[in-house]
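For the sequence shown, the residue numbers in my numbering are 3 to 207.
Think of the CB as a built atom: it goes at the ideal place given N, C-alpha and C, for glycine as much as any other residue.
Please read these numbers as outputs of a predicted model, since none were measured by experiment.
Beneath this line is the structure, given in structure tokens, with notes to follow.
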Amino acid sequence: YSVDNSFFYNLKINKKKIKQDLGINANKIIYIFSGKFIARKRPLDILYAILDLKEKKLNDHFIFIGDGPKKDECIEFAKKNSLLNVSFLGFANQKKIREYYTIADIIIMPSEYETWGLSVNEAMASGCACIVTNKCGCFKDLVNDRGDKKNGFVYDVGDIKKMKELLIFIDKNKKKIKKMKKNSLSIIQNYNFKKTSESIINFLK
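Laid out in structure tokens, this is it:
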């Protein structure tokens, strides 16, 4: 349950230009969903939360990466409800997706089941804080939701009310999110190919 952290870490790109190309204000908090558009990953949960908070006009933008049977439904929902702070960018290869992770601040994984959730590894290696459900296997290992080492939030799957509360909290505490992003980079250093191989060898011994 590790990725090549160095591939995602400290990518030298023009963040401002990429945001401009995507039509995103440079000062927005950027959330990213990365995965298949399928029922168990619950991408619509994010859109329901965005819709309920629409009148609050939070300073945020949501990037959706990936394809799948639920994608058209999500796009239609966003159009029908005029969710202007949402972008559907389709499938992205590894080189492209790391650019999106790098401009993002927080990854959201609303899944009702994930054995682990390697997208969280990738996002953390790119310096993202996290919002994941308690049904994502990685939450106990990768997401610290308290104390000085805090790098994200864990909520009960399907609890859209809690997701909304988190989005409001983040909007009001941008400085704390910067610290959480740094904590993600620190935590993910212990989850790499070398550590994984050493663990397997020690177990076999």
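Item	Value
Quick one: is P2 buried, meaning 16 or more other Cβ sit within 10 Å of its Cβ, or exposed?	Nothing can be reported for residue 2, as the shown portion of the chain is limited to 3 through 207.
Return the first residue and the last residue of the beta strand (DSSP E) that C132 is part of.	131 to 135
Give the list of continuous alpha helix (DSSP H) stretches no shorter than 4 residues that lie fully inside the region 33 to 100.	45 to 54, 73 to 82
Skipping 5 residues on each side, what residues in its chain have a beta carbon closer than 8 angstroms to that of I99?	S36, I67, E124
So, using beta-carbon positions, are I31 and I65 closer together than 8 angstroms?	no
Please look up how many angstroms separate the CB atoms of C130 and I108, rounded, as I've assumed it's under 8 angstroms.	6 angstroms
By Cβ distance below 6 angstroms, which residues in the same chain neighbour N83 in space, the five residues on each side in sequence not counted?	L53
May I ask which residues mark the beginning and end of the beta strand (DSSP E) holding I109?	108 to 111
Would the region 142 to 162 and the region 175 to 186 be scored as touching if the rule is three or more Cβ pairs under 8 angstroms?	yes
Using CA atoms only, rank isn't needed, just tell me which of E116, L24, I105 is closest to I40.	E116
What do you get for K215, buried or exposed, if any count of 16 or more other CB atoms within 10 angstroms of its CB means buried?	Outside the modelled stretch of the chain, which goes from 3 to 207, sits residue 215, for which no answer is possible.
Measuring alpha carbon to alpha carbon, tell me which residue in L55, N29, Y3 is nearest K177.	N29
Would you mind working out which of A94, T135, N95, I77 sits nearest N87, comparing C-alpha positions?	I77
Got a sec? Which residues, its chain only, sit under 7 angstroms from V5 by beta carbon, not counting five neighbours each side?	L120, N123, E124, A127
In terms of residue numbering, what span does the alpha helix (DSSP H) encompassing V122 cover?	120 to 127
Taking 8 angstroms as the threshold (C-beta atoms), are K17 and T104 in contact?	yes
If you draw a straight line from the alpha carbon of D150 to that of F171, how long is it in whole angstroms?	17 angstroms
By the three-class DSSP mapping on this structure, what secondary structure does I179 have?	helix
Around the Cβ of F10, are there at least 16 other Cβ atoms within 10 angstroms (buried) or fewer (exposed)?	buried
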